[in-house]
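*Asks:* Per mature numbering (1 follows the signal peptide of the UniProt record, and there is no 0), the sequence shown runs over residues -19 to -1, 1 to 62.
Think of the CB as a built atom: it goes at the ideal place given N, C-alpha and C, for glycine as much as any other residue.
Got a structure for you, written out below as structure tokens; questions coming shortly.
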Amino acid sequence: MLNLFLIPLLYLPLSLALARPPNTHQLSPRTKTGNPIIEGWYADPELRIYKGAYYLYPTYSAAFDSQTFFDAFVSHDLLSW
């Protein structure tokens, strides 16, 4: 009978040790960007990350003869390109 009372008391220190304090840090306000993030007739973006930078490679919507280039954009924070 005594064991029935001791078992919950043994779990009490464990539950107190695992309890976490409430989250008290403040969140910073989010910076918003627009959509689209890049002006122009871009489509089908492909994104790669290399050495901490984000590289965006989209296709360009134009007549076939006008598609003579390939644009690439780089960002370090995904906000400014």
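(1) Note the first and the last residue of the continuous beta strand (DSSP E) segment covering Pro39.
(2) Using CA atoms only, rank isn't needed, just tell me which of Thr49, Gly33 and Pro(-12) is closest to Thr40.
(3) So, at 8 angstroms on beta carbons, what are the nonlocal neighbours of Tyr36 in its own chain, with the 5 sequence-adjacent residues on each side left out?
(4) Roughly how many whole angstroms lie between the Cα atoms of Asp58 and Tyr(-9)?
(5) Just to check my reading of the structure: Ser(-5) and Ala24 have Cβ atoms closer than 8 angstroms, yes? What is that Cβ distance to the nearest angstrom?
(6) Do you know how far the Cα of Pro2 is from the Cα of Lys(-14)?
*Replies:* For this structure:
(1) Ala34 to Tyr41
(2) Out of Thr49, Gly33 and Pro(-12), the CA that lies nearest to the CA of Thr40 is found in Thr49.
(3) Leu28, Arg29, Ile30, Ala53, Phe54 and Val55
(4) 46 angstroms
(5) Contact doesn't hold; Cβ gap of about 54 angstroms is too wide.
(6) Before going further, note that residue -14 is Leu rather than Lys in the sequence given. The alpha-carbon atoms of Leu(-14) and Pro2 are separated by roughly 27 angstroms.
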